[in-house]
Amino acid sequence: MSISADLLSILACPSADHAPLRLETSGGGAEQLVCTFCLSRFPVSDGIAVLLADEAVPGPNGLGNAAGTSAAAGGPATAEGADAG
Ligand SMILES: [Zn+2]
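Heads up: the sequence shown begins at 1 in the numbering used here, then just goes up one per residue.
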């Protein structure tokens, strides 16, 4: 099961930013949703998005905080994904 584009369009980050999410697939095939604002990651279990702060992997500056506004040392380089649609 995969999350549909229609569903994805109405989902938002559960943190204060309420930013749109994008769907990413890891190398192992597991899907996750990534906040476009804070870059926090949320698991997808059997096609169900788990949008819980407790289950999230916080972004580089924490859940709900904009990513990329300050330099973070020691992290791997990140690639910007292309916008779809
Ligand atoms: Zn967010």
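C-beta atoms are modelled at their ideal positions from N, C-alpha and C, and glycine is treated no differently.
- Task: Express the C-alpha separation of Gly47 and Asp6 in angstroms, rounding to a whole number.
- Result: Taking the sequence shown and counting its residues from 1, the one referred to as residue 6 is at position 6. Taking the sequence shown and counting its residues from 1, the one referred to as residue 47 is at position 47. Approximately 13 Å, taken between the alpha carbons.
Residues that DSSP places opposite Cys35 in a beta bridge:
As a working note, residue 35 is residue 35 in the sequence shown. Paired residue(s): Leu21.
* How would the residue list near ligand 1 read, in chain order, if you kept each one whose beta-carbon is closer than 6 Å to any heavy atom? -> Cys13, Ser15, Asp17, Ala19, Cys35, Phe37, Cys38, Ser40, Gly64
| N- and C-terminal bounds of the beta strand (DSSP E) containing Ser45 | Within the sequence shown, residue 45 is the residue found at index 45, counting from 1. 41-45 is the span of the beta strand (DSSP E), which, as asked, contains Ser45.
Worksheet item: Ends of the alpha helix (DSSP H) at Asp6?
Response: Residue numbering aside, residue 6 sits at position 6 when the sequence shown is read from its first letter. Asp6 -> alpha helix (DSSP H) spans 5-10.
Helix, strand or coil: which one does DSSP assign to Ala53?
Numbered from 1 along the sequence shown, position 53 holds the residue referred to as residue 53. Reduced to three states, the DSSP call for Ala53 is helix.
Let me confirm a value: Gly64 is counted as buried when at least 16 other C-beta atoms fall within 10 Å, else exposed. Which label applies?
Counting from one through the sequence shown, the residue named residue 64 turns up at place 64. By the neighbour-count rule (16 or more Cβ atoms within 10 Å), Gly64 is buried.
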